[in-house]
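Engineer: First the structure, then my questions, so here it is.
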Amino acid sequence: MSATRLLLLGPPGAGKGTQAARLMDALGVPQISTGDMFRAAVADGTEVGQLAKGYMDRGELVPDEVVIRVAAERLRKDDAAKGFILDGFPRTTAQAEALDSLLSELGRPLEICVALVCSDDELVRRLLKRAGIEGRADDNEDIIRNRMRVYHAETAPLLDYYRTRGLLAEVDGLGGIEEIAGRIAEVLA
Ligand code: ADP
17 MSATRLLLLG PPGAGKGTQA ARLMDALGVP QISTGDMFRA AVADGTEVGQ
67 LAKGYMDRGE LVPDEVVIRV AAERLRKDDA AKGFILDGFP RTTAQAEALD
117 SLLSELGRPL EICVALVCSD DELVRRLLKR AGIEGRADDN EDIIRNRMRV
167 YHAETAPLLD YYRTRGLLAE VDGLGGIEEI AGRIAEVLA
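When you read off a place in the sequence shown, starting at 1, and then add 16, the result is the number in the numbering used here.
Rendered as structure tokens:
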């Protein structure tokens with residue numbers, strides 16, 4: 017039996033979104049990406065979107081209270097009862113703590129945190145390539161470097177957070193999509 021309540025952790029460009037989408041199909045549980053949710057909110061011009069846009073454009077984190085509210089609302093939906101793949105949330109210790117208390121309230125604790133490991137040089141290379149393909153507003157070199165800085169300062173400490181709780185599985189994020197998917201399947205089994 018594979019885990020169904022999982023979190024993909026890793027720096028921007030590590031391939032979280034790609035692997036999360038595959039896992040969603042394989043496991044039949046929804047992918048919950050706060051980045052995708054914020055981009056949709058910006059496109060729809062909602063209040064959350066207006067709030068998030070400036071932070072996203074600068075490569076900064078959207079404030080915890082906003083992120084936590086949006087993620088909690090999503091996790092309370094019926095389809096997340098059978099499991100979920102969190103992608104891009106949590107990104108700060110405060111978010112991780114809020115997630116823990118929400119999931120314990122729901123009686124559905126996280127089963128595993130899969131961390132994709134990748135060097136900064138490779139990440140920048142991939143993000144610049146993606147910029148050419150998808151044209152995402154926050155994929156230019158200065159903003160990418162800022163997102164890396166933010167990752168190391170705010171999000172990397174979550175590796176220890178989940179390691180301490182016995183939930184961390186580190187997976188080499190270098191290689192082909194299939195290859196990495198295979199490594200993830202191994203740690204989930
Ligand atoms: P990437 O992993 O490539 O940085 P995402 O799509 O996960 O891309 O996130 C894009 C942007 O959305 C982030 O730079 C940030 O501004 C915002 N964002 C997404 N998730 C969070 C979060 N959990 N906490 C704070 N900000 C977030």
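All C-beta atoms in this analysis are idealised placements derived from N, C-alpha and C, irrespective of residue type, glycine included.
Is it the case that the region 92-111 contacts the region 165-180, given that we only count it when at least three CB pairs across the two stretches are under 8 angstroms?
Structural biologist: Counting Cβ pairs under 8 angstroms, three or more are found: they touch.
Engineer: Closer than 7 angstroms: is that where the CB of R85 sits relative to any heavy atom of ligand 1?
Structural biologist: Not so, every heavy atom of ligand 1 lies at least 7 angstroms from the Cβ.
Engineer: Between the region 22-29 and the region 134-144, are three or more C-beta pairs nearer than 8 angstroms?
Structural biologist: Verdict: yes, contact present.
Engineer: If D188 and R199 are in contact, beta carbons under 8 angstroms, what's the gap, nearest whole angstrom?
Structural biologist: Right, the Cβ-Cβ distance comes to about 6 angstroms (below 8 angstroms), so this counts as a contact.
Engineer: V78 and A68 - do their beta-carbons sit closer together than 8 angstroms?
Structural biologist: Yes, the Cβ-Cβ distance between A68 and V78 is below 8 angstroms.
Engineer: If you measure from the CB of E76, is any heavy atom of ligand 1 nearer than 7 angstroms?
Structural biologist: Correct: E76 has its Cβ closer than 7 angstroms to ligand 1.
Engineer: Could you check the C-alpha separation between M53 and D80 for me, to the nearest Å?
Structural biologist: Looking at the two C-alpha atoms, the distance is approximately 15 angstroms.
Engineer: Using C-beta distances below 7 angstroms, list every residue in its chain close to L190, excluding the 5 sequence neighbours before and after it, in chain order.
Structural biologist: If we look at L190 and ignore the five residues flanking it on each side, its Cβ neighbours are C134 and E138.
Engineer: So if DSSP puts V130 in a beta bridge, which residue, or which two residues, is it bridged to?
Structural biologist: V130 pairs with L24 and A185.
Engineer: Looking only at C-alpha atoms, which of I48, A59 and R165 sits nearest to I84?
Structural biologist: Nearest option by C-alpha distance: I48.
Engineer: Please find out if some non-hydrogen atom of ligand 1 comes closer than 7 angstroms to the beta-carbon of Q111.
Structural biologist: Indeed, a heavy atom of ligand 1 lies less than 7 angstroms from the Cβ.
Engineer: Spatial neighbours of L183 within its chain, please: CB distance less than 7 angstroms, with the 5 preceding and 5 following residues excluded, ordered by chain position.
Structural biologist: Same-chain partners within the cutoff: L126, I128 and C129.
Engineer: Does DSSP classify L102 as helix, strand or coil?
Structural biologist: Note: L102 maps to strand in three-state DSSP.
Engineer: Is the beta carbon of V58 less than 8 angstroms from the beta carbon of G51?
Structural biologist: Cβ atoms of V58 and G51: not closer than 8 angstroms.
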